[in-house]
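Structure, as structure tokens:
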Amino acid sequence: AQTVTQSQPEMSVQEAETVTLSCTYDTSESDYYLFWYKQPPSRQMILVIRQEAYKQQNATENRFSVNFQKAAKSFSLKISDSQLGDAAMYFCAYRSPILTGGGNKLTFGTGTQLKVEL
Amino acid sequence: DTAVSQTPKYLVTQMGNDKSIKCEQNLGHDTMYWYKQDSKKFLKIMFSYNNKELIINETVPNRFSPKSPDKAHLNLHINSLELGDSAVYFCASSQQWGTDTQYFGPGTRLTVL
Chain P
1 AQTVTQSQPE MSVQEAETVT LSCTYDTSES DYYLFWYKQP PSRQMILVIR QEAYKQQNAT
61 ENRFSVNFQK AAKSFSLKIS DSQLGDAAMY FCAYRSPILT GGGNKLTFGT GTQLKVEL
Chain H
1001 DTAVSQTPKY LVTQMGNDKS IKCEQNLGHD TMYWYKQDSK KFLKIMFSYN NKELIINETV
1061 PNRFSPKSPD KAHLNLHINS LELGDSAVYF CASSQQWGTD TQYFGPGTRL TVL
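Going line by line, the protein sequences match chains P and H.
All the letters of the first sequence, read from the start, carry residue numbers 1 to 118 under this note's numbering.
All the letters of the second sequence, read from the start, carry residue numbers 1001 to 1113 under this note's numbering.
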């Protein structure tokens, strides 16, 4: 079974600075999907960014970018020019390419609580 | 426009009661999911439906029974509620069974007293 590990329960960043959240995963599959979701205090789960494992190019969405290291099974999220609205719990998630046997589901890490300070 | 909606947003009830949570998506998606987020904020899949057919059932107690009356709706009924059922329940949907991106509803916070 796949596992997703987020080793940083909490992180802090100063407004306008850059912060990187770590995520590692364990899988024997070669093609899969990785995601970062944001959960602000409102509790809504918001998709931040996604990465397809067969693509070597790192995904980017405005101030959010990933560093995808397939061999190392690492998928970190970089937030540039941090804003107060970025304060939230961030979850890394994995989705198997296998659609049978319960494969079409998201496996989540335990989350990293990001605090943004003035 | 709300893409994935859930009712109610908050649910407080006594142990032993039966309750339902409703989910609706207006995205035209074929696949819907239920996830549970526990008190430590850990999220785990419970069920998945594709075109009203149950596909994933992740070792969830029989007291939990999902029902999909049509592709746009996925309800979760819970019998004989226990203290350990207290959690936030999220509904999600994706365009098709093989589509990777899932969109989440706002969650329902269930508190069992």
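Think of the CB as a built atom: it goes at the ideal place given N, C-alpha and C, for glycine as much as any other residue.
**Request:** Whole angstroms is fine: what's the gap from residue 26 of chain P's alpha carbon to residue 1107 of chain H's?
**Result:** Spanning the two alpha carbons is a distance of roughly 28 Å.
**Prompt:** In chain P, which residues lie with their C-beta within 7 Å of the C-beta of residue 1041 of chain H?
**Reply:** Residues of chain P with a Cβ closer than 7 Å to the Cβ of residue 1041 of chain H are, in chain order, 89, 111.
**Asked** Starting from residue 77 of chain P and walking both ways along the beta strand (DSSP E), at which residues does that stretch end?
**Response** First-last of the beta strand (DSSP E) with residue 77 of chain P: 74-79.
**Prompt:** Residues of chain P with a CB under 7 Å from the CB of residue 1030 of chain H: which are they?
**Reply:** Residues of chain P passing the Cβ test: none, with the nearest at roughly 11 Å.
**Request:** Establish whether the CB of residue 1038 of chain H and some CB of chain P are separated by less than 7 Å.
**Result:** False, the Cβ-Cβ gap to chain P never drops below 7 Å.
**Asked** Going by the CB atoms, is the gap between residue 1018 of chain H and residue 1087 of chain H shorter than 7 Å?
**Response** No, Cβ-Cβ distance for residue 1087 of chain H and residue 1018 of chain H is not below 7 Å.
**Item:** chain P residues whose Cβ lies nearer than 9 Å to that of residue 1021 of chain H
**Value:** Result: empty, since nearest Cβ-Cβ is about 14 Å, beyond 9 Å.
**Prompt:** Roughly how many angstroms lie between the CA atoms of residue 1066 of chain H and residue 1075 of chain H, to the nearest whole one?
**Reply:** Computed Cα separation, rounded: 6 Å.
**Asked** Apart from the five residues on each side of it in sequence, which residues of its chain come closer than 6 Å, Cβ to Cβ, to residue 95 of chain P?
**Response** The beta carbon of residue 95 of chain P lies closer than 6 Å to those of 33, 106 in the same chain, with the five residues before and after it left out.
**Message:** By the 9 Å beta-carbon criterion, what residues does the segment 57-89 of chain P contribute toward chain H?
**Reply:** Those would be 89, in chain order.
**Item:** CA-to-CA distance, residue 1016 of chain H to residue 77 of chain P, given in whole angstroms
**Value:** One alpha carbon belongs to residue 77 of chain P, the other to residue 1016 of chain H, and they sit about 43 Å apart.
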